[in-house]
Each structure stands twice: as C-alpha cells, then as structure tokens.
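Peer 1:
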Amino acid sequence: MDQHLQVFVTVAEKQNFSRAAEELHMTQPAVSQYIRTFEENIGVRLLERTNKYVHLNKAGEIVYHHAKEIVGLYTRMQHLVDDLANKASGPLSIGASYTFGEYVLPHILAKMKESYPEIRPTVMIGNTAEVADSVMHHQLDIGIVEGHFKNEQQFQTEEFAEDSMVVVASPKHPLVNRHNEITTEDLEEQTWILREVGSGTREAAEKMFQRFGISPANIMNIGSTQPIKEAVEAGLGISLLSQWAIQKELRNGDIQMVDVKGLPFTRQFSIVTTSPFQTKALQVFIALLRHKKELTVFSAGE
Numbered sequence: 001m002d003q004h005l006q007v008f009v010t011v012a013e014k015q016n017f018s019r020a021a022e023e024l025h026m027t028q029p030a031v032s033q034y035i036r037t038f039e040e041n042i043g044v045r046l047l048e049r050t051n052k053y054v055h056l057n058k059a060g061e062i063v064y065h066h067a068k069e070i071v072g073l074y075t076r077m078q079h080l081v082d083d084l085a086n087k088a089s090g091p092l093s094i095g096a097s098y099t100f101g102e103y104v105l106p107h108i109l110a111k112m113k114e115s116y117p118e119i120r121p122t123v124m125i126g127n128t129a130e131v132a133d134s135v136m137h138h139q140l141d142i143g144i145v146e147g148h149f150k151n152e153q154q155f156q157t158e159e160f161a162e163d164s165m166v167v168v169a170s171p172k173h174p175l176v177n178r179h180n181e182i183t184t185e186d187l188e189e190q191t192w193i194l195r196e197v198g199s200g201t202r203e204a205a206e207k208m209f210q211r212f213g214i215s216p217a218n219i220m221n222i223g224s225t226q227p228i229k230e231a232v233e234a235g236l237g238i239s240l241l242s243q244w245a246i247q248k249e250l251r252n253g254d255i256q257m258v259d260v261k262g263l264p265f266t267r268q269f270s271i272v273t274t275s276p277f278q279t280k281a282l283q284v285f286i287a288l289l290r291h292k293k294e295l296t297v298f299s300a301g302e
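UniProt numbering puts the sequence shown at residues 1 to 302.
(1) Quick check on the DSSP output: the alpha helix (DSSP H) that includes Ile228 runs from which residue to which?
(2) Measuring CB to CB, does Arg195 end up less than 8 angstroms from Ile228?
(3) Report the three-state DSSP secondary structure of Ser270 (helix, strand or coil).
(4) Examine the Cβ distances between the region 256-267 and the region 167-177 and report whether three or more of them are shorter than 8 angstroms.
(5) Among Gln15, Gln243, Ser93, which residue has its Cα nearest to the Cα of Tyr64?
(6) According to DSSP, simplified to helix, strand and coil, what is Ala96?
(7) Val11 to His148, Cα distance in whole Å?
(8) Taking its Cβ as the centre, do 16 or more other Cβ atoms sit within 10 Å of Gly200, making it buried, or is it exposed?
(9) Can you tell me whether Gln278 is buried or exposed? The criterion is at least 16 other CB atoms within 10 Å of its CB, across all chains shown.
(10) Which residues in the same chain as Glu39 place their Cβ atom closer than 8 angstroms to its Cβ, once the five residues preceding and following it in sequence are excluded?
(11) I need the boundaries of the alpha helix (DSSP H) containing Ser18, first residue and last residue.
(12) If you count every other CB in all the chains shown that lies within 10 Å of the CB of Thr99, and 16 or more means buried, which is it?
(13) Can you give the Cα-Cα distance for Ile35 and Ser170, rounded to whole angstroms?
(14) Nearest-angstrom Cα distance between Val260 and Ile144?
(15) Express the C-alpha separation of Glu159 and Ile94 in angstroms, rounding to a whole number.
(16) Tell me the DSSP secondary structure of Val11 in three-state form.
(17) Looking only at its chain, what residues have a beta carbon closer than 6 angstroms to the beta carbon of Ser18, apart from the 5 residues adjacent to it on each side?
(18) Taking the continuous alpha helix (DSSP H) assigned at Asn252, which residues delimit it?
(19) Whole angstroms are fine: how far does the CA of Ala161 sit from the CA of Leu24?
(20) Work out the CA separation of Ser270 and Arg290 for me, nearest whole Å.
(21) Please report the residue range of the beta strand (DSSP E) in which Gly143 lies.
(22) To the nearest angstrom, how far is it from the Cα of Glu181 to the Cα of Glu130?
(23) By DSSP, does Thr75 sit in helix, in strand, or in coil?
(24) CB Val135 to CB Thr273, shorter than 8 angstroms?
(25) Just to confirm the assignment: which complete alpha helix (DSSP H) runs, minimum length 4, are found wholly within the region 152-229?
(26) Using a Cβ-Cβ cut-off of 8 angstroms (strictly less than) and excluding sequence neighbours within five positions of Val297, which residues of its own chain qualify?
(27) So what's Ala300 in DSSP terms, helix, strand or just coil?
And the structure:
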C-alpha cells in the first residue's frame, strides 16, 4: 500500500503532525514531507494548518473518505493472503446493533477467546443503519443487525437468530396484572419510550403499531436501551424491548411484561458482509454465530 495514503489518514485522524509521527514511528519532518508530496500528487490542498492542529478541508474530506476504504481493503487483502498459511488470528472488526451488541455479543466473544486467543476483536456498537453503513465502507469486517436498512441488495445477508419483543412497564403501571384484556385503545393512549429512528428496535415498534392499527400520540425518543429501561422502571411510560435485554430487570422485579394479545413480536437478526472472501478469524466468528446452541443461553426463560 502507498505509504503516502497511510500517512494522510493518520494525520487526518490525529489532527496533529507530531501525534501522527509518533503513531507511525516517523519523524515529524518526514510526515510533513509525505503530506506535501501527497497533496502535490492529488493536485489540491487537503489540510488546513494552524499552530497546533490540522483539519480536513472539503477536498480533504473527500480524499479521507475514500482513503479509509482503500486502507481497509488493503488490510483485509493482506489478512486473507496471510491466512493461507496460518491459523485463525489477527484483527477482526465487528459491528453490532445495540441489543445484540450489548446483551449477546460479549458472551460470543468470550467463547471465541477461549478457543482462538490470537483473534483480536474490536467492536463498534451502533444502530442498524450506522453498522450497515460502516460495513459498506469497509470499516467493519462484519455487521450484526436487526430489521431493514438502506441498499440491502449490495450486502451478503444471512438471517441467523430470532428475537422476541415484549411490551414492558413499571410493576406499578395500571396495565400490569390487569384482569380484563388490554385493548388497542389502552396501548394507543400510553406514553411510549422508544429508540431513535434508524434502530432495529424502533422499526420493530413501528411494525407492531402498524399490526395493531394504533398511532400513539405520545412518544419519547431515547438513544439506547439502558436509559429506556430506567425510564420505564421510573414510571415514565411503556416500551417494546427485546427479551434478551430485560432478563436482569425481570428477575429483580424492576419491570414487568405487559400481557398483550398477539405478542411477543418476533424479529430476525442478520449477519451482513460485503466481500465473498473471509479471513479465518471471520469464518470462526460466523461459525459461532450460526451455532444455535451458543444463542439459546440468552433466550428468555433460560
């Protein structure tokens, strides 16, 4: 790979020539010379300099975006070649949507570490749209997502696990332990505490609303699952959450499931990749994901 490209990416991320030089084990003048040559080759200035920092200008942002993809592809190519003669090892970049990433993935990684200690995973947790975008731009080797996302046809997608979604509320909420059947009108008049638009959990909630023909007037948006659980426990409203995410709270009696006819609502988790070639580390990880016994440990009631 062209060293100029790697130097440029490092300077852009460190926003400082000295820190970039330290990261690259180079002298600062050498880094500066690489950047000058790179800008001359591109034919335009890419970085704006101040006394302490450098930052990308508009042209620099375009070059950086594509440079990250090139660096990622080159690194993946090198690992694939190395794998021909070596066992599963090396870096593995994983993206996962919040529910799976926070409540299931740590257990999968622990099992992988036991058998393949030389694999070095890094994890990005984000909503489905963010994870899919990072896989598309070769910043992640694999994504684990829920629901649908943009440009699905450009990915290699494999459904591998099913999750159950349930309505939850504070133990003191009027809908809990109700003797008569909960109606759609009861659900519609509640305050719903939901994930942000773009998350798989939010998509599941919207599908449930569509199925029941309801349109809640009061929706509170919160960007991750843990504060949603805290808000539900505090009595601010009700939510639709994964049974993977609420096991501790159910055991402790902090929140309870609301008995709604037609639930639980199920959704699929999928593996997404973009390349037909896989490093041995990625093959090992996907095999663990496909192994259903690895996931039943975390299903409701276990």
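Cβ atoms here follow ideal geometry from the backbone N, Cα and C, with glycine treated the same way.
Peer 2: Taking the structure as given:
(1) Locating residue 228 in the sequence shown gives position 228, where the first residue counts as 1. In the DSSP annotation of this structure, the continuous segment of the alpha helix (DSSP H) that includes Ile228 starts and ends at 225-233.
(2) Taking the sequence shown and counting its residues from 1, one reaches residue 195 at position 195. Taking the sequence shown and counting its residues from 1, one reaches residue 228 at position 228. Yes, they are a contact pair.
(3) The residue you call residue 270 lines up with position 270 of the sequence shown. Here Ser270 sits in strand by DSSP.
(4) yes
(5) Indexing the sequence shown from 1 puts residue 64 at position 64. With distances taken between Cα atoms, Tyr64 lies closest to Gln15.
(6) If you number the sequence shown from 1, residue 96 lands on position 96. Reduced to three states, the DSSP call for Ala96 is strand.
(7) Taking the sequence shown and counting its residues from 1, one reaches residue 11 at position 11. Taking the sequence shown and counting its residues from 1, one reaches residue 148 at position 148. Computed Cα separation, rounded: 35 angstroms.
(8) Within the sequence shown, residue 200 is the residue found at index 200, counting from 1. It is buried - the Cβ of Gly200 has at least 16 other Cβ atoms within 10 Å.
(9) Here the question's residue 278 lines up with position 278 in the sequence shown. A residue is called buried once 16 or more other Cβ atoms fall within 10 Å of its Cβ, and Gln278 is buried on that count.
(10) One-based indexing of the sequence shown puts residue 39 at position 39. Cβ within range, chain order: Arg45, Leu46, Leu47.
(11) As a working mapping, residue 18 is identified with position 18 in the sequence shown. Counting along the chain, Ser18 sits inside the alpha helix (DSSP H) bounded by residues 17-24.
(12) Residue mapping note: residue 99 aligns to position 99 of the sequence shown, counting from 1. Buried, because 16 or more other Cβ atoms sit within 10 Å of the Cβ of Thr99.
(13) Residue mapping note: residue 35 aligns to position 35 of the sequence shown, counting from 1. Residue mapping note: residue 170 aligns to position 170 of the sequence shown, counting from 1. So the alpha carbons of these two residues sit roughly 58 angstroms apart.
(14) In the sequence shown, counting from the first residue as 1, residue 260 sits at position 260. In the sequence shown, counting from the first residue as 1, residue 144 sits at position 144. For Val260 and Ile144, the gap between their C-alpha atoms comes out near 29 angstroms.
(15) Working through the sequence shown from its first residue, we reach residue 94 at position 94. Working through the sequence shown from its first residue, we reach residue 159 at position 159. Rounded to whole angstroms, Ile94 to Glu159 spans 16 angstroms at the Cα level.
(16) Translated into positions along the sequence shown, residue 11 becomes position 11. Here Val11 sits in helix by DSSP.
(17) Reading the sequence shown from its first residue, position 18 is the one you call residue 18. Excluding positions up to five away in sequence, the list reads Gln28.
(18) Locating residue 252 in the sequence shown gives position 252, counting from the first residue. Asn252 -> alpha helix (DSSP H) spans 247-252.
(19) Here residue 24 corresponds to residue number 24 of the sequence shown, with the count starting at 1. Here residue 161 corresponds to residue number 161 of the sequence shown, with the count starting at 1. About 41 angstroms.
(20) In the sequence shown, counting from the first residue as 1, residue 290 sits at position 290. In the sequence shown, counting from the first residue as 1, residue 270 sits at position 270. Between Arg290 and Ser270, the C-alpha separation is close to 10 angstroms.
(21) By 1-based counting over the sequence shown, the position of residue 143 is 143. Taken as a continuous stretch (DSSP letters only), the beta strand (DSSP E) holding Gly143 covers 142-146.
(22) For the purposes of this step, residue 181 is taken as residue 181 along the sequence shown, with counting starting at 1. For the purposes of this step, residue 130 is taken as residue 130 along the sequence shown, with counting starting at 1. Taking the straight line from one Cα to the other gives about 39 angstroms.
(23) Walking along the sequence shown from the start, residue 75 turns up at place 75. Here Thr75 sits in helix by DSSP.
(24) As a first step, residue 135 is located in the sequence shown; it is residue number 135 there, counting from the start. As a first step, residue 273 is located in the sequence shown; it is residue number 273 there, counting from the start. Result yes, Cβ atoms of Val135 and Thr273 sit closer than 8 angstroms.
(25) If we require 4 residues or more, the alpha helix (DSSP H) runs fully inside the region 152-229 come out as 184-188, 200-212.
(26) For this step, residue 297 is matched to residue 297 along the sequence shown. With a pLDDT of only 43 at Val297, under 50, the local geometry of the prediction cannot be trusted, and no value is derived from it.
(27) Within the sequence shown, numbered from 1, the residue matching residue 300 stands at position 300. Any reading at Ala300 is ruled out, since the residue's pLDDT is 40, under 50, leaving its predicted position unreliable.
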